[in-house]
Structures are given as structure tokens and as C-alpha cells.
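Comments concern the structure below.
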Amino acid sequence: MSENGICRLCLQEKELLKQSHIIPNFMFKEIKDEKNRFFQFESKDIIEKKDRKKALQTGYFESNLLCKNCDNSILGGYERYGANSLYSPKIKNGPIVEGLVDTHGNRAFKVSNIDYVKFKLFLLSILWRASISSHIFFSEVNLGPHEEKIRKMILDHNAKSDLDYPIIFGSILGNNTHFENYISQPRMFKFNEHKLVLFVITGIYYGFVVSSYVRDKESLKSRLNQKNELIMSHIPKGKDVEHFLKIIGIK
Ligand SMILES: [Zn+2]
Numbered sequence: 381m382s383e384n385g386i387c388r389l390c391l392q393e394k395e396l397l398k399q400s401h402i403i404p405n406f407m408f409k410e411i412k413d414e415k416n417r418f419f420q421f422e423s424k425d426i427i428e429k430k431d432r433k434k435a436l437q438t439g440y441f442e443s444n445l446l447c448k449n450c451d452n453s454i455l456g457g458y459e460r461y462g463a464n465s466l467y468s469p470k471i472k473n474g475p476i477v478e479g480l481v482d483t484h485g486n487r488a489f490k491v492s493n494i495d496y497v498k499f500k501l502f503l504l505s506i507l508w509r510a511s512i513s514s515h516i517f518f519s520e521v522n523l524g525p526h527e528e529k530i531r532k533m534i535l536d537h538n539a540k541s542d543l544d545y546p547i548i549f550g551s552i553l554g555n556n557t558h559f560e561n562y563i564s565q566p567r568m569f570k571f572n573e574h575k576l577v578l579f580v581i582t583g584i585y586y587g588f589v590v591s592s593y594v595r596d597k598e599s600l601k602s603r604l605n606q607k608n609e610l611i612m613s614h615i616p617k618g619k620d621v622e623h624f625l626k627i628i629g630i631k
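Numbering (my numbering), first residue to last: 381 to 631.
Below you can see the structure in the form of C-alpha cells.
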């Protein structure tokens, strides 16, 4: 039986869905094994550098969060862009990915022609869902007053400027380390005077800077920007999370 209740996105009383996912499957579909399970890491395992993966069969679902329209049309619309543009490219004239190497030999990927509004709202919708989720895996993600501001951005289709909740990226793709195959428990760090929420999903680092007053800083120059570009720094093998935090000035 479905229940009526207040939808967390549109705030209207509606019939709520039995199952809404927090992180869409297509972001980690390659890491499912033959039994259709995928693996997760918990924060304590990362801190202790333990290879203690845990198999999950169901993914990250939660009931009675969203109405059908918000889940399927609004969030589903952003997800369709994410899925079809970057993760399994299907659209014509979609994002262009090129490899870069600087004079110090540091590698990066430059992604251009990515729709700033759609891609940003797609990623913010995952951050927001993790914040409203009561699933223990997302327990470190707590946006406080920013949860409401981001809810409105998602609902109003308003990605604001690229200094409003900037998103920065890193990649360990090609390093053949275990993190490349797993999803890590999202963690919260202090970033200058702001908060940084870090998701690591199948070798890609998504860093969300959560603050009301972000200035244009060197450490943010690679962010997803309004020119429809982003730079994903490559993190050398064996450096993993700590190296990423160093790149963005946390450690
Ligand atoms: Zn709704």
C-alpha cells in the first residue's frame, strides 16, 4: 500500500513512492558482480586503509521521500542527462573529453560541451538526496540550512552561478586500485572556511563545496563552470583521497 505524505522536493501532499534511489545505478553499474551485487566502503575502512568491502544487493533506496512527479520527471530528467551525456554517451554533440598534461607531468581530463545547468543540478540532486536520506551510509552528509537552498535550486531548475555550491572533480581511473571499483561512504571535510562533501563513485571524486560565500580561488579553478567545462585532475596511483584533498587545499 502506498502512503500519502509530504514530498520532500515539492513539499506538497502526494502519494509517496515506495522506493526512491539516492545514487542512480548507472553511475556504478559496471561494478556490479555476477550476482548483481555491488560493493561499498565505509569511512572507517578508508581511514584505516582496510580493504574491507561490503556487498550490497539492493542499492541505496529509501521509501516515502518523494512523489512520482518529482522522482520520475524532475530528478529523472536530470538523471537522463547525466546518464546519456557522460556515463554512457548517447546524445549527439555531447561532452568532449580530452586528456591534458601540464609541464610538471600532472595529468587531467578536460570535459567541455557539458550542459552546466543540467549536469550541476544532476549532481546537486544526489548531494541533496544523500542529505535528506536517513540511510546510515549517508550519515555524514548533512547540509543544514543549505539543504533547503539546494532543494529550491533543484525544483526551480536554477543552477545559479558556478560559485554557488561549486563542484570539483578528481579521477583515479586507470590506476587499477580497489577504489576504482567501489563506492565509498560520502565524507565531510573542512575546506578553508567552508565544508566539502566528498563522494567517490567508481574512480571519480565529486567534491561539493557547501557554503554561502565562496570566492574565486585557485583551488576551485577546475570546477564545473558556466562555460560548460570542468577539469578532472588525475590522482596518481597510491595517492588516493589524501592527494585529492591536497590538490584542493585541505591537507
Ligand atoms: Zn513532489
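For every residue, glycine included, the Cβ atom is placed at its ideal position computed from N, Cα and C.
Taking 7 Å as the line, does the beta carbon of residue i fall inside it for any heavy atom of ligand 1?
i           : result
residue 399 : no
residue 389 : yes
residue 449 : yes
residue 380 : One cannot answer for residue 380 here, as it falls past the ends of the chain, which runs 381 to 631.
residue 446 : yes
residue 619 : no
residue 498 : no
residue 597 : no
residue 607 : no
residue 565 : no
residue 472 : no
residue 394 : yes
Check for me: the alpha helix (DSSP H) holding residue i runs from which residue to which?
i           : result
residue 456 : 456 to 462
residue 622 : 620 to 627
residue 394 : From DSSP, residue 394 is part of no alpha helix (DSSP H) but of the beta strand (DSSP E) over 393 to 396.
residue 528 : 526 to 536
Could you please give the first and the last residue of the uninterrupted beta strand (DSSP E) stretch that includes residue i?
i           : result
residue 570 : 563 to 571
residue 580 : 574 to 581
residue 406 : Taken as a continuous stretch (DSSP letters only), residue 406 belongs to no beta strand (DSSP E), as it is neither H nor E.
residue 474 : Where residue 474 is concerned, there is no enclosing beta strand (DSSP E), given that its DSSP letter is neither H nor E.
residue 465 : Element bounds for residue 465: n/a, residue is neither H nor E.
residue 520 : It is not in any beta strand (DSSP E) - residue 520 carries neither H nor E in the DSSP assignment.
residue 384 : 383 to 386
residue 594 : Per DSSP, residue 594 belongs to no beta strand (DSSP E) and is neither H nor E.
residue 641 : Summary: the structure shown does not reach residue 641, with the chain confined to residues 381 through 631, and so no result is reported for it.
residue 613 : 610 to 614
Excluding the five sequence neighbours on either side, which residues of its own chain have a C-beta within less than 7 Å of the C-beta of residue i, listed in chain order?
i           : result
residue 503 : 547 and 586
residue 349 : As shown, the chain starts at 381 and ends at 631. That puts residue 349 outside it, with no answer to give.
residue 451 : 397 and 400
residue 464 : 470 and 471
residue 624 : 550, 585 and 615
residue 415 : Caution is warranted here: a pLDDT of 49 is assigned to residue 415, below 50, making its placement in the model unreliable, and the coordinate value is therefore given only provisionally. The answer is none, since no qualifying residue turns up.
For residue i, collect the residues of the same chain with a Cβ closer than 8 Å to its Cβ; drop the 5 residues on either side in sequence, then sort them by chain order.
i           : result
residue 608 : 492, 493, 494, 495 and 496
residue 486 : 613 and 614
residue 404 : 459, 462, 463 and 506
Short of 6 Å in beta carbon distance, which residues of its chain neighbour residue i, apart from the five on each side in sequence? Order them along the chain.
i           : result
residue 618 : none
residue 627 : 613
residue 600 : 546
Is residue j closer than 8 Å to residue i when the C-beta atoms are compared?
i           : j           : result
residue 526 : residue 477 : no
Where in the stretch 482 to 518 do unbroken runs of the alpha helix (DSSP H), each at least 4 residues long, occur, reported from the N-terminal end onward? Taking 4 residues as the shortest admissible run, the stretch 482 to 518 contains the following complete alpha helix (DSSP H) segments, listed from N- to C-terminal end: 496 to 512.
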